[in-house]
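*Asks:* The numbering of the sequence shown is full-length UniProt numbering, which starts it at 1 and goes up by one. All C-beta atoms, glycine included, are put in the ideal place defined by N, C-alpha and C. The structure presented is a predicted model; accordingly, all values stated were derived computationally and were not measured. Starting off with a structure, shown below.
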Amino acid sequence: MTVPYYEPTLAGRERQYLDEVLSAKQLAGDGKFTKACHALIEEETGTHKALLTHSGTGALDMIGLLLEIQPGDEVIIPTYTFVSSANAIALRGGVPVFVDIRADTLNLDETLVEAAITPKTRAIMPVHYAGISCEMDTILAIAQKHNLIVVEDAAQGYGATYKGKPLGTLGALAALSFHASKNVIAGEGGALLVNDPAYRLRAEIVREKGTNRAQFFRGEIDKYTWVDLGSSFLPSEIVAALLLAQLEQADAINERRVALWETYHAALAPLEARGLARRAVVPNACRHNGHIYWLVFESGDLRAKARDLLVAEGLTASAHFAPLHNSPAGKRFGRTGSDMKVAEHAGDGLLRMPLFAHMEPDVIAQVADVLKKL
Ligand SMILES: *Cc1c(COP(=O)(O)O)cnc(C)c1O
1 MTVPYYEPTL AGRERQYLDE VLSAKQLAGD GKFTKACHAL IEEETGTHKA LLTHSGTGAL
61 DMIGLLLEIQ PGDEVIIPTY TFVSSANAIA LRGGVPVFVD IRADTLNLDE TLVEAAITPK
121 TRAIMPVHYA GISCEMDTIL AIAQKHNLIV VEDAAQGYGA TYKGKPLGTL GALAALSFHA
181 SKNVIAGEGG ALLVNDPAYR LRAEIVREKG TNRAQFFRGE IDKYTWVDLG SSFLPSEIVA
241 ALLLAQLEQA DAINERRVAL WETYHAALAP LEARGLARRA VVPNACRHNG HIYWLVFESG
301 DLRAKARDLL VAEGLTASAH FAPLHNSPAG KRFGRTGSDM KVAEHAGDGL LRMPLFAHME
361 PDVIAQVADV LKKL
């Protein structure tokens, strides 16, 4: 039997809600289930407005449109992130400016941000890797000093906090993901969080193909028309029905994952003590959500050896991001804003251990046993 490195956990009411939505025959977006998801996310996070999207990528693309990124505008992002953070900028003709990450959290290194700012910089996009927050007070202070907008890629951050504040509520706008590999899932799905009310109306317009349809449905206008750039970003009610069942159990899912994460952390301490791999450090300001248990091995060779040993025992471990500044598109569309030593090391050495809410805790002891052979 093979243990995958991720697997969706069914929370309970998925089939019931899917049955309901199919019986009601209202399958297009923004129906009862979407509204219930919006209300739950707003209550849980305190964001001004949550808007479901078909993916985290879609929410990031909406952010690119909402910021009205112009050709040549720069946005500072970590090089160690998913391609969607950079695409959202490059699709508008903007330039992702890649900055290195911190060795302890693998998040944007806030001490390198200021040196990457130029007169063309418009925004900073921190990415909360593995559901552990970036050093947001420092990033927000830099942004304020240089008159920049902060937008969060909180794709991995649902349910985690920084100084008690939910990830996704610290910037003007934020993207969440409910992809099948995340903690709370819709198969494919995401949400835009609008924290600065100034973006609310345009966010609804961008999401509805550039029309003021949302205002029309609220009875605020007589007919709807094309008023701005936009596309189709909303998911169907089928996706929202599945997601609602998950959102209702988000706390339980995250608690379970954090407990497994803690077990890994204790079990793998000896590996770090032997100097073979580094474990994450969770800063005091952060409460994470157990999204990923990662190790950064001292070398790519050691990582390959660890992965082979695990795979031989049926335990799937996976590499994650390749730093974007070295990718073909990163070189073509982006600019490098710092030295990249930490990200390059993480790209070569990082391994994600199997972790999902319904995973048997025995897996962790097995993983630790296997890695003793290194
Ligand atoms: C998963 C992820 C995304 C993209 O989300 P999708 O829902 O798969 O489109 C973006 N950024 C980061 C950091 C992610 O982990």
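If you run the structure through DSSP and keep just helix, strand and coil, what is residue 122?
*Replies:* Start at 1 with the first residue of the sequence shown, and residue 122 comes out as number 122. Reduced to three states, the DSSP call for residue 122 is strand.
*Asks:* Using only CA atoms, which one of 275, 264, 172, 352 lies nearest to residue 362?
*Replies:* By one-based count along the sequence shown, residue 362 stands at place 362. It is 264.
*Asks:* Quick one: give me the first and last residue of the alpha helix (DSSP H) that residue 261 is part of.
*Replies:* On the sequence shown, residue 261 is found 261 positions in, with the first residue counted as 1. Element bounds for residue 261: 250-267.
*Asks:* Taking a contact to mean a Cβ-Cβ separation below 7 Å, would you say residue 200 touches residue 49 in this structure?
*Replies:* Residue mapping note: residue 200 aligns to position 200 of the sequence shown, counting from 1. Residue mapping note: residue 49 aligns to position 49 of the sequence shown, counting from 1. Yes, these two residues count as a Cβ contact at 7 Å.
*Asks:* Sorted by chain position, which residues of the same chain lie with C-beta nearer than 7 Å to residue 225's C-beta, five sequence neighbours on each side aside?
*Replies:* The count along the sequence shown starts at 1 and reaches residue 225 at position 225. Closer than 7 Å at the Cβ level, and outside the excluded window around residue 225, lie 211, 212.
*Asks:* Counting by C-beta, which residues lie closer than 6 Å to a heavy atom of ligand 1, in chain order?
*Replies:* Cβ atoms closer than 6 Å to ligand 1 belong to 55, 56, 57, 81, 82, 84, 85, 127, 153, 155, 156, 177, 179, 190.
*Asks:* Which complete beta strand (DSSP E) runs does the stretch 74-107 hold, if anything under 3 residues is left out?
*Replies:* Taking only runs of at least 3 residues, the beta strand (DSSP E) segments lying wholly in the stretch 74-107 are 74-78, 95-99.
*Asks:* Check the C-beta distance from residue 349 over to residue 298 and give it rounded, since I have them as a contact under 8 Å.
*Replies:* In the sequence shown, the residue the question calls residue 349 occupies position 349. In the sequence shown, the residue the question calls residue 298 occupies position 298. That belief holds up - the Cβ atoms of residue 349 and residue 298 are roughly 7 Å apart, short of 8 Å.
*Asks:* Give every residue of the same chain whose Cβ lies closer than 6 Å to the Cβ of residue 138, excluding the five residues on either side of it in the sequence, and list them in chain order.
*Replies:* Locating residue 138 in the sequence shown gives position 138, counting from the first residue. If we look at residue 138 and ignore the five residues flanking it on each side, its Cβ neighbours are 110.
*Asks:* CA-CA distance, residue 85 and residue 57?
*Replies:* As a position in the sequence shown, residue 85 is number 85, starting the count at 1. As a position in the sequence shown, residue 57 is number 57, starting the count at 1. Between residue 85 and residue 57, the C-alpha separation is close to 8 Å.
*Asks:* Can you give me the start and stop residues for the beta strand (DSSP E) that residue 149 sits inside?
*Replies:* Reading the sequence shown from its first residue, position 149 is the one you call residue 149. Segment 149-153, the beta strand (DSSP E) holding residue 149.
*Asks:* What is the DSSP secondary structure of residue 68, counted as helix, strand or coil?
*Replies:* Taking the first residue of the sequence shown as 1, we reach residue 68 at position 68. Three-state result, residue 68: coil.
*Asks:* Counting only the same chain and skipping the five closest in sequence on each side, list residues whose C-beta sits under 7 Å from that of residue 30.
*Replies:* By one-based count along the sequence shown, residue 30 stands at place 30. Taken in chain order, the residues that qualify are 234.
*Asks:* If you follow the alpha helix (DSSP H) that residue 349 is in, where does it begin and where does it stop?
*Replies:* Your numbering for residue 349 matches position 349 in the sequence shown. Run containing residue 349: 341-349, per the alpha helix (DSSP H) assignment.
*Asks:* Name the one or two DSSP bridge partners that residue 190 has.
*Replies:* Mapped onto the sequence shown, residue 190 falls at position 190. For residue 190, which the question treats as bridged, DSSP gives the partners 53, 177.
*Asks:* Measuring CB to CB, does residue 80 end up less than 7 Å from residue 101?
*Replies:* Taking the first residue of the sequence shown as 1, we reach residue 80 at position 80. Taking the first residue of the sequence shown as 1, we reach residue 101 at position 101. Yes; because the gap between Cβ atoms is below 7 Å, this pair is in contact.
*Asks:* Measuring straight from C-alpha to C-alpha, what distance separates residue 122 and residue 98?
*Replies:* Walking along the sequence shown from the start, residue 122 turns up at place 122. Walking along the sequence shown from the start, residue 98 turns up at place 98. Rounded to the nearest angstrom, the two C-alpha atoms are 14 Å apart.
*Asks:* Do the stretch 299-310 and the stretch 329-340 touch if we need at least three Cβ pairs shorter than 8 Å?
*Replies:* Too few Cβ pairs lie closer than 8 Å, so no.
*Asks:* Step through the CB atoms of chain E and report whether any lies within less than 7 Å of the CB of residue 43.
*Replies:* Protein chain content of the structure displayed is limited to a single chain, and chain E is not contained in it.
*Asks:* Taking only three categories from DSSP, how would you classify residue 244?
*Replies:* What you label residue 244 is simply residue 244 of the sequence shown in a count that begins at 1. Three-state DSSP puts residue 244 in a helix.
*Asks:* With a CB to CB cut of under 6 Å and the five nearest residues on each side skipped, what residues in its chain are close to residue 256?
*Replies:* Indexing the sequence shown from 1 puts residue 256 at position 256. Excluding sequence neighbours, residue 256 sits near 357.
*Asks:* Mind checking which residues open and close the beta strand (DSSP E) that includes residue 295?
*Replies:* For this step, residue 295 is matched to residue 295 along the sequence shown. Per DSSP, residue 295 belongs to the beta strand (DSSP E) from 294-297.
*Asks:* Take residue 3 and list the residues in its own chain whose beta-carbon comes closer than 7 Å to its own, dropping the five residues that flank it on each side.
*Replies:* Against the sequence shown, residue 3 aligns to sequence position 3. These residues qualify, in order along the chain: 314, 315, 316, 354, 363.
*Asks:* Using the beta-carbon count (16 or more within 10 Å), is residue 281 buried or exposed?
*Replies:* For the purposes of this step, residue 281 is taken as residue 281 along the sequence shown, with counting starting at 1. Exposed, by the Cβ-count rule.
*Asks:* What are the residues that DSSP puts in a beta bridge with residue 165?
*Replies:* The count along the sequence shown starts at 1 and reaches residue 165 at position 165. Residue 165 pairs with 162.
*Asks:* Run through the DSSP bridge pairs and tell me what residue 211 is partnered with.
*Replies:* Residue mapping note: residue 211 aligns to position 211 of the sequence shown, counting from 1. Beta-bridge pairing links residue 211 to 226.
*Asks:* Could you check whether residue 9 and residue 253 sit closer than 7 Å to each other, using their CB atoms as the reference points?
*Replies:* Taking the sequence shown and counting its residues from 1, one reaches residue 253 at position 253. Taking the sequence shown and counting its residues from 1, one reaches residue 9 at position 9. Yes, they are a contact pair.
*Asks:* In whole angstroms, what separates the C-alpha of residue 163 from that of residue 196?
*Replies:* Reading the sequence shown from its first residue, position 163 is the one you call residue 163. Reading the sequence shown from its first residue, position 196 is the one you call residue 196. Rounded to the nearest angstrom, the two C-alpha atoms are 19 Å apart.
*Asks:* Between the alpha carbons of residue 143 and residue 125, how many angstroms are there, rounded?
*Replies:* To locate residue 143, count along the sequence shown from 1; it is residue 143. To locate residue 125, count along the sequence shown from 1; it is residue 125. Computed Cα separation, rounded: 10 Å.
*Asks:* Which first and last residues belong to the beta strand (DSSP E) in which residue 278 is found?
*Replies:* Locating residue 278 in the sequence shown gives position 278, counting from the first residue. It spans 277-279 - the beta strand (DSSP E) in which residue 278 sits, taken as one unbroken run.
*Asks:* Suppose you measure from the CA of residue 159 to the CA of residue 52; what does that come to, to the nearest Å?
*Replies:* The residue labelled residue 159 in the question sits at position 159 within the sequence shown. The residue labelled residue 52 in the question sits at position 52 within the sequence shown. Between residue 159 and residue 52, the C-alpha separation is close to 16 Å.
*Asks:* Quick one: grab the DSSP three-state call for residue 370.
*Replies:* Position 370 of the sequence shown, counted from the start, is the residue given in the question as residue 370. Residue 370: helix per DSSP, three-state reduction.
*Asks:* Throw me the rounded Cβ distance for the residue 172 and residue 151 pair, which I believe falls under 8 Å.
*Replies:* In the sequence shown, counting from the first residue as 1, residue 172 sits at position 172. In the sequence shown, counting from the first residue as 1, residue 151 sits at position 151. Their Cβ separation, rounded to whole angstroms, is 6 Å, which keeps residue 172 and residue 151 in contact under 8 Å.
*Asks:* Please tell me whether residue 154 and residue 130 are closer than 7 Å, where the distance is taken between their beta carbons.
*Replies:* Position 154 of the sequence shown holds residue 154. Position 130 of the sequence shown holds residue 130. Not closer than 7 Å, so no.
*Asks:* Is it buried or exposed for residue 147, if we count other Cβ within 10 angstroms and need 16 for buried?
*Replies:* As a working mapping, residue 147 is identified with position 147 in the sequence shown. Exposed, because fewer than 16 other Cβ atoms sit within 10 Å of the Cβ of residue 147.
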